[in-house]
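Below is one structure; the comments refer to it alone.
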Amino acid sequence: MKYAQQVEYQLCNKLFSFQKLKSLCNWRSNYTVTHEHITENKIIITKPENLEIEINSGAMNRLAGVSELLTGSTGIHMAIATVPPGRCSTAHYHVNCESAIYVLSGRGVFLSGSNLEKEEQITAGDFIFVPPDANHQPVNTSQTENLVLIVARNSPVEIVVDLEGIGRQDC
10 MKYAQQVEYQ LCNKLFSFQK LKSLCNWRSN YTVTHEHITE NKIIITKPEN
60 LEIEINSGAM NRLAGVSELL TGSTGIHMAI ATVPPGRCST AHYHVNCESA
110 IYVLSGRGVF LSGSNLEKEE QITAGDFIFV PPDANHQPVN TSQTENLVLI
160 VARNSPVEIV VDLEGIGRQD C
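Quick note: the sequence shown uses the working numbering, first residue 10, plus one each step.
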C-alpha cells in the first residue's frame, strides 16, 4: 500500500536535544519533506545522478545515497565522501552517532586522539570505526588521486562539532 510519508524536522528539538549543544540553539526552524515514492516494505535504489549533496567538511565533499531525505531512513545513513589530492576534512567529531568508514580508493592518514596526535596510514580496503565524540580528521596524502570513502552511520541526522586549532590546518 502506497503512502506519502511526512517527515517533519524541528531542528532545535530534534538535533539540539543534547545538553552541551542546547546553548547553540536560539532559533526554531520547521520544514516538511514529502516522500511520494516511499511505500511500506519497498526497497529504494538511489542512482548516482540522484545523490543528495551534503555540507562539505573542509575540502571533503559528501554525497548521500541513503538518507532521511532521499529514502525516509530513520536508523542509518550512507554516503560517499571524496577528499581531493593533498587536502583534508576539517578536524571534527560527531556528537550523536557511530560511523563506519570504508576506504574505497586512494591513500591518506586518519588523525585521531584528543589533540589528533595519532596518525594511522589508510589505503583502499581499510575499514575505520569512529565512536561518538571521537576527534578525527581524514587527510589525503596523495598529490594525484582522490581519497574516496564510503561512510555509514547509525543516525539519519549527524551532529558535527568542528574543532579549531588542532589537526592539519594546511590542507
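Positions of the beta carbon are idealized from the N, C-alpha and C atoms, including for glycine.
Just so you know, these numbers come straight off a predicted model, no measurement behind them.
When DSSP reads this structure, Cys97 sits in a beta bridge with Val148. The beta-carbon separation of Ser66 and Ser98, rounded to 4 Å, stays under the 8 Å limit for a contact.
Taking the CA atoms as reference points, Gly174 sits about 23 Å from Arg71.
The shortest CA-to-CA distance from Val148 to any of Thr91, Ser164 and Ile159 is the one to Thr91. Around the C-beta of Ala133, fewer than 16 other C-beta atoms lie within 10 Å, and the residue is accordingly described as exposed. Three or more Cβ pairs closer than 8 Å define a contact, and the stretch 141 to 156 meets that threshold against the stretch 118 to 127. DSSP places Glu173 in no alpha helix (DSSP H); its state is neither H nor E. In the displayed model, Asn70 falls within a strand according to three-state DSSP. Here the stretch 158 to 171 lies against the stretch 76 to 91, with 3 or more beta-carbon pairs under 8 Å apart.
By the CB criterion at 8 Å, Ile137 and Ile110 fall inside the cutoff.
Distance from Gly115 to Ser151 at the Cβ level is roughly 6 Å; contact confirmed, criterion being Cβ atoms closer than 8 Å. Apart from the 5 residues on each side of it in sequence, Ala143 sits with its Cβ closer than 7 Å to the Cβ of Tyr102 and Ser121 in its chain, given in chain order. Ranked by how close their Cα comes to the Cα of Cys106, the residues Asp179, Val160 and Val112 have Val160 in first place. According to DSSP, residue pairing for Ser121 in a beta bridge involves Lys127 and His145.
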